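*Asks:*
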Amino acid sequence: MIAQNKLTVPGIIAKVFKWFFLIFFLMFMVLPLVWLIISAFKTNQEFNLKSPFSLPEVWQFVNFKNALTISNLPRMFLHSIIVAIATTALNLVVAAMSAFALSREKFRGNNLILTFLLSGVLIPIIALMVPIMKINNFLKLYDTLGALILTYTAINLPVSIFLIHGFMSTIPRELEESATIDGCTFLQRFTKIIFPLTKPGLVTAGTLVFIYCWNEFTYAMILTISEKARTIQLGIKYFQTEFFVDYTGMLAAIVITMLPTIIVYTFMHDRIISGMTAGAVKG
Amino acid sequence: MKKLVIAFLMLALVLSFTFAQSASESADKEIELKFVTWWTGADTKGPYVEQIVKAFNEEHAGKIHVTLEGTNDADGIFTQIMTQLGAGNPPDIFSVKPQADFYGYYDSNLLMDFAEDLKGDWGKQFAEGIVASTTINGATKSLPYEMAYVPIWYNMEILNAVGIEKVPETMEEFWAMCEKVTEAGYYATAQMTGGTNAWFSMLWYTSICGSLAGAGAFDNIKNDWATNPVYVQAAEILCKMVREYTTPDVIGATAAVANSHFKGGETAAYLNGPWWIGNLDAAAQEHTEMAFFPAINYKDVLIGSVQSNLAAANQKDPAKRAAVIEFLRYFTTAQNAQLVSNAGSVLAVKYEPLADSAKLNKDLQARINEASGFIPYWENCIGTADVVAEFGQALSAMIQGAITPAQFVAQIASVM
Amino acid sequence: MSRNLSAGKINRNWKGILLFLLPALVLYGLFFIYPIVTVVFTSFTDWMNFKSMNFVGFKNYINLFKNPTFLKAIRNNFIWAMVLAFVQVPIALSMALVLARKPKGWKLFRTVYFLPTVISGSALAMMWKAIYNPTNGVLNAILGLFGANQGINWLGDMDTALVAVLVQQVFYFGYFMVIIFASRLGIDDTMYEAAMIDGANTWQQEIHVTLPMLKPVLVTAITLAMAYGFRHFESTYLLTGGGPNHVTETMGTFLYTKLSSAKWAEGNSIGTTIILLGGIMISVIRSLLSRERAVKARKGGAA
């Protein structure tokens, strides 16, 4: 181990503090979720009026059955998967290509274009609702998965370029120089050397994009209207009509939409983290 | 390199899949119409609307085909329709709320104008004078569909328990009722400031104004909101109600919370429209009475407002336009309106009320017949969404004593 | 594609550069340039609904900055940016450093801390709205166990609302923690062993070994956190709608209200302001941080 804390009073206090916060945050993250799952088994009257600690009188499995059937959750789940994977792939490729051109080639205007692309991080996407709707109408993509894929790819470009560019900047130039001497072309430099070495950056950016696509709601709501393009977050809104909100049904739907990501994440997190860590210090 | 190729292939696959779906729909000679609405799925009107559309399609097979689109998420669908309007591309036919931001589009030529078409038999399908409420400067670019009549609902069990036999008819009786009921441990009125939507409290406010200044209280509201003392008087009464006689979770409460309190037998006075009657079982309906708001200066004024409208995109193609009108006429026949009223809705179309309607439906109809006048929703008269949102914001401040009723009115005025 | 065999010089491949930049620039053009140009341009008009547009100069901006609600919103956005960058990121940093020492069960903690990131923001907000409920919310119920339940309406009371909304976000530090953690694991153990031999305890090791090497990732995290703070919209909108009485209002929620009223020009002026203010703030912070880095580098070089 790296350092041993001597058994001094400050040492013990530090330890207590450390474990207090570790456990506190653990509770903070987990307990609300547990509460959410239990509440999903209640009826609406129970949920609205009774104590939050109370257990449901009768466990309403029907909430979950409704969540799965009423809103056609499986189909929307499939759509979300397609959108998330396609967007992540497209976004990473485009971002990596741009980051490569900008980090490896120091040409005039390089910094300008970079700042320009990165400033997208500041844009409040909600402000662009109407113009983006127009663009999708213009491209005849309204109410298709393509609308979501293209829009999400674009929205996530700034952050992806930001992260990937940061990683690429730390790759030593000598690698490329020697490769060029060996006769490597521009494209080969990218595909054989830089792209593979940027894996940590790609994994980091890719995780973020994937999560974004999965959780995104506003544009999914605006850009789709029919069953053929809806994604999973919209499933939650099935439990809300003009005059009535079926809260416990909604909670059941939320639990179901959370489960796949939690399961995938739990099994994949090791690979994700090691993907993020592989290689030298990156920033 | 391989990864790049795979990625592009996948993308091409997905895009072609999605493009293909949209392409396959054109080709027929049949006129395709898209009806975008939240009256589908789990919405109480859903099954009936679907039935109507299906019947229409059968009758007009090969000539006109209407596709229902949307989810029962009213807010979401409305936002989407408004965004499409903003982008200049409204759906063929759609349901919409009578809000100022929608009415603002009457000025554009995005919407179909029904004024001429209504001059014939079609106009007679609607209740007397109702179409005037969706007509601006002679243009009727939307049709009134669902109506909101909102009386006060009293839980007589609670009133009887504190020794009150009949519903309060004056403000003194009303405050006395509130006092007694609160002392006995109940909540006197159901209110909410819910984030940006203070719906119940706005309904109370409208009722108060109707009682203070009659059915025409809001006729000139856009001009005299800041100056007419009536609005401050009404605010004072509302202030007392929400500060002293309602549930502790009122600030930030949503409709569901207020509904649950009433349904759970905790609230004495409540208000909502006909659509909510179905939420009370027969036993609960037995001890619920629908009444007018206590009379201050005017008796028997009832909230009567358009709850939702029907509209259509302006069509240049005369055949398509005729098809839209054909569908809308069909949708608004007495027979179809009666069908939809099974959902508990009251409609702007003339129709025979159902024979076997619940006790409260009959109560409500009786109040509608007795009413001396109808006052529209405050939020439909005052202006755009930001002004309406300000009501809830200012209300939470007023409840906490941070501002006076006069300042309440002024704060809303500052956003107009 | 040209090749240059002279040692040490890579020939510029302009065709390649352009080709590689093209997809990004096209997507940008469609989804950022066009919308932003429209937004900025129309912010100088009086455009509403679908009415005709008239040029009105800076009127929208002047009205904005005279509007007390908007000023409250700006203040709140600053608070958000500062809290996320200088409270959430440091917490993420601390937990990352603690977990990097691999205490018992560190993998479990790391998994659980990242968990909320994969859950949608709206689901979390819904959850917390119910938790903060004054009559039967979990928070007051827990306080009740200690006899401290005063029935406070956390989201409805003007004094507590902003803090309540901030707390809901600030303790979900999982994403930043994982990024920092990844960088931290990349630091060679030998550096720590050397420090230990020099007699440094854990605390000193973190300050002299870890922090300097984490500088880049910290600057990244702080920049992203601040950008998010200036753009903040979703959780506040879902929890309080900007209320009560605008105490939690952000430029984002204010913008949304205006756009919902079809007041495009006004809304667009808010959007432009968000971009400008955010950009200025972030440039300022970044230059402060990089100046520090340059100074340190010079000192290090000289030493």
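Chains as they are written, first to last, in the working numbering: chain Y, 1 to 283; chain S, 1001 to 1416; chain C, 2001 to 2303. From the three backbone atoms N, C-alpha and C, an ideal C-beta is built for every residue, glycine too. Values in this document were obtained by computation on a predicted structure and should not be read as measured data.
(1) Answer yes or no: do Ala2085/C and Met2226/C have a C-beta to C-beta separation smaller than 7 Å?
(2) Could you check whether the Cβ of Thr2069/C sits closer than 7 Å to any Cβ belonging to chain Y?
(3) Along the region 2160-2183 of chain C, what residues have a CB closer than 7 Å to any CB found in chain S?
(4) With contact counted as at least three CB pairs below 8 Å, one residue from each stretch, are the region 1176-1188 of chain S and the region 1150-1163 of chain S in contact?
(5) Which value, in whole angstroms, describes the spacing of the CA atoms of Cys1381/S and Lys1222/S?
(6) Does any residue of chain Y bring its CB to less than 7 Å from the CB of Thr2257/C?
(7) Please confirm whether Asn137/Y has its beta-carbon closer than 7 Å to some beta-carbon of chain S.
(8) Applying the criterion that 16 or more other CB atoms from any shown protein chain within 10 Å of the CB defines a buried residue, is Arg2184/C buried or exposed?
(9) Between Asn2049/C and chain D, is the shortest Cβ-Cβ distance under 7 Å, so that the two count as touching?
(10) For the 8 Å Cβ check, are there 3 or more pairs between the region 2091-2105 of chain C and the region 10-28 of chain Y?
(11) Look up Gln1125/S in the DSSP assignment and say whether it is helix, strand or coil.
(12) Expressed to the nearest angstrom, what Euclidean distance is found between the alpha-carbon atoms of Asp2046/C and Ser2269/C?
(13) Could you name each continuous alpha helix (DSSP H) segment of 4 residues or more that falls completely within the region 1288-1345 of chain S, going from the start of the chain to the end?
(14) On the DSSP bridge list, what partners appear for Asn1155/S?
(15) Between Pro2023/C and Trp2264/C, what straight-line distance do the alpha-carbon atoms span, to the nearest angstrom?
(16) Considering Thr2190/C, what are the terminal residues of the beta strand (DSSP E) in which it resides?
(17) If we count Cβ pairs, one from each stretch, closer than 8 Å, do we get three or more for the region 1031-1040 of chain S versus the region 1065-1084 of chain S?
(18) Does DSSP put Ala1268/S in a helix, in a strand, or in coil?
(19) Along the chain, where does the beta strand (DSSP E) that runs through Thr1067/S open and close?
(20) Could you check how far apart the C-beta atoms of Leu122/Y and Gly2278/C are, in whole angstroms? I think they sit under 8 Å.
(21) Thinking just about the alpha-carbon of each residue, which of Val2209/C, Tyr2175/C, Leu2211/C, Val2219/C is nearest to the one in Tyr212/Y?
(22) Could you work out which residues of chain S lie near Ile225/Y, taking near to mean beta carbons separated by less than 7 Å?
(23) Under 8 Å by Cβ, that's how I've got Gly1392/S and Met1416/S pegged, so tell me the actual separation to the nearest angstrom.
(24) Closer than 7 Å by beta-carbon distance: list the chain Y residues that pair up with Met2127/C, in chain order.
(25) Counting only the same chain and skipping the five closest in sequence on each side, list residues whose C-beta sits under 6 Å from that of Ser169/Y.
(26) Could you list the residues in the region 225-252 of chain Y with a C-beta less than 7 Å from some C-beta on chain C, going in chain order?
(27) Specify whether the region 2227-2243 of chain C and the region 2101-2111 of chain C touch according to this definition: at least 3 beta carbon pairs, one from each stretch, less than 8 Å apart.
(28) Just to confirm my understanding: we take Phe1374/S, look at its own chain, exclude 5 residues before and 5 after, and list those with CB closer than 6 Å. What are they?
(29) Counting contacts by CB-CB distance shorter than 7 Å, is Asn2153/C in contact with chain S?
(30) Output the boundary residues of the beta strand (DSSP E) element that contains Ala1188/S.
(31) Go ahead and label Asn1259/S buried or exposed: buried means 16 or more other beta carbons lie within 10 angstroms of its beta carbon, across all protein chains shown.
(32) Using a Cβ-Cβ distance under 7 Å, would Gly2156/C count as near chain Y?
(33) Check each residue of the region 1241-1264 of chain S: if its Cβ is closer than 9 Å to any Cβ of chain Y, include it; give the result in chain order.
(34) Could you tell me whether any Cβ in chain Y is nearer than 7 Å to the Cβ of Gly2252/C?
(35) Would you check if there are 3 or more beta carbon pairs closer than 8 Å linking the region 1243-1255 of chain S to the region 2138-2156 of chain C?
(36) Please name the residue in Thr180/Y, Leu73/Y, Pro196/Y, Ala252/Y whose C-alpha comes closest to that of Ala229/Y.
*Replies:* Looking at the atomic coordinates:
(1) Translated into positions along the third sequence, residue 2085/C becomes position 85. Translated into positions along the third sequence, residue 2226/C becomes position 226. Yes. Within cutoff.
(2) The residue you call residue 2069/C lines up with position 69 of the third sequence. Judged by the 7 Å Cβ criterion, Thr2069/C is not in contact with chain Y.
(3) Here the close residues number zero.
(4) yes
(5) If you number the second sequence from 1, residue 1381/S lands on position 381. If you number the second sequence from 1, residue 1222/S lands on position 222. Using only the alpha carbons, I get a separation of about 7 Å.
(6) In the third sequence, residue 2257/C corresponds to position 257, counting from 1. No, because no Cβ of chain Y sits closer than 7 Å to the Cβ of Thr2257/C.
(7) As a first step, residue 137/Y must be located in the first sequence, where it is residue number 137. Closer than 7 Å: yes.
(8) The residue you call residue 2184/C lines up with position 184 of the third sequence. Buried, by the Cβ-count rule.
(9) The displayed structure is made up of protein chains Y, S and C, and chain D is not among them.
(10) yes
(11) Taking the first residue of the second sequence as position 1, residue 1125/S is located at position 125. Coil at Gln1125/S, not helix or strand.
(12) Here residue 2046/C is taken as the residue at index 46 of the third sequence, counted from 1. Here residue 2269/C is taken as the residue at index 269 of the third sequence, counted from 1. Cα to Cα, Asp2046/C sits roughly 10 Å from Ser2269/C.
(13) 1318-1331, 1334-1340
(14) By one-based count along the second sequence, residue 1155/S stands at place 155. DSSP lists Thr1288/S as partners of Asn1155/S.
(15) Taking the third sequence and counting its residues from 1, the one referred to as residue 2023/C is at position 23. Taking the third sequence and counting its residues from 1, the one referred to as residue 2264/C is at position 264. Cα to Cα, Pro2023/C sits roughly 30 Å from Trp2264/C.
(16) Reading the third sequence from its first residue, position 190 is the one you call residue 2190/C. From DSSP, Thr2190/C is part of no beta strand (DSSP E) but of the alpha helix (DSSP H) over 2189-2197.
(17) yes
(18) Along the second sequence, one-based indexing puts residue 1268/S at 268. Note: Ala1268/S maps to strand in three-state DSSP.
(19) For the purposes of this step, residue 1067/S is taken as the residue at position 67 of the second sequence. Counting along the chain, the beta strand (DSSP E) containing Thr1067/S begins and ends at 1064-1069.
(20) What you label residue 122/Y is simply residue 122 of the first sequence in a count that begins at 1. What you label residue 2278/C is simply residue 278 of the third sequence in a count that begins at 1. At roughly 4 Å, the Cβ-Cβ gap stays under 8 Å, so Leu122/Y and Gly2278/C are in contact.
(21) What you label residue 212/Y is simply residue 212 of the first sequence in a count that begins at 1. Cα-wise, what sits closest to Tyr212/Y is Tyr2175/C.
(22) Numbered from its first residue, the first sequence carries residue 225/Y at position 225. Listed by position along chain S, the residues whose Cβ is nearer than 7 Å to that of Ile225/Y are Val1036, Glu1069, Gly1070, Gln1080.
(23) Here residue 1392/S is taken as the residue at index 392 of the second sequence, counted from 1. Here residue 1416/S is taken as the residue at index 416 of the second sequence, counted from 1. Wrong, their Cβ atoms sit about 15 Å apart, outside the cutoff.
(24) Position 127 of the third sequence holds residue 2127/C. Chain Y residues near Met2127/C: Pro32, Leu36.
(25) Counting from 1 along the first sequence, the entry for residue 169/Y is found at position 169. Within the same chain, Ser169/Y has close Cβ partners Ser103.
(26) Gln233
(27) When Cβ pairs closer than 8 Å are counted between the two stretches, the region 2227-2243 of chain C is seen not to touch the region 2101-2111 of chain C, the count staying below three.
(28) Here residue 1374/S is taken as the residue at index 374 of the second sequence, counted from 1. So the qualifying residues of the chain are Ala1215, Leu1302, Gly1304.
(29) Numbered from its first residue, the third sequence carries residue 2153/C at position 153. For Asn2153/C, the answer is yes, since a Cβ of chain S falls inside 7 Å of its Cβ.
(30) Taking the first residue of the second sequence as 1, we reach residue 1188/S at position 188. Counting along the chain, the beta strand (DSSP E) containing Ala1188/S begins and ends at 1187-1189.
(31) The residue given as residue 1259/S occupies position 259 in the second sequence. Using a 10 angstroms sphere on the CB of Asn1259/S, the tally of other CB atoms reaches 16 or more, which defines it as buried.
(32) Residue numbering aside, residue 2156/C sits at position 156 when the third sequence is read from its first letter. For Gly2156/C, the answer is no, since every Cβ of chain Y falls outside 7 Å of its Cβ.
(33) Thr1254, Ala1255, Ala1256, Val1257, Asn1259, Ser1260, His1261, Lys1263, Gly1264
(34) In the third sequence, residue 2252/C corresponds to position 252, counting from 1. Interface residue, yes.
(35) yes
(36) For the purposes of this step, residue 229/Y is taken as residue 229 along the first sequence, with counting starting at 1. It is Leu73/Y whose Cα lies nearest to the Cα of Ala229/Y.
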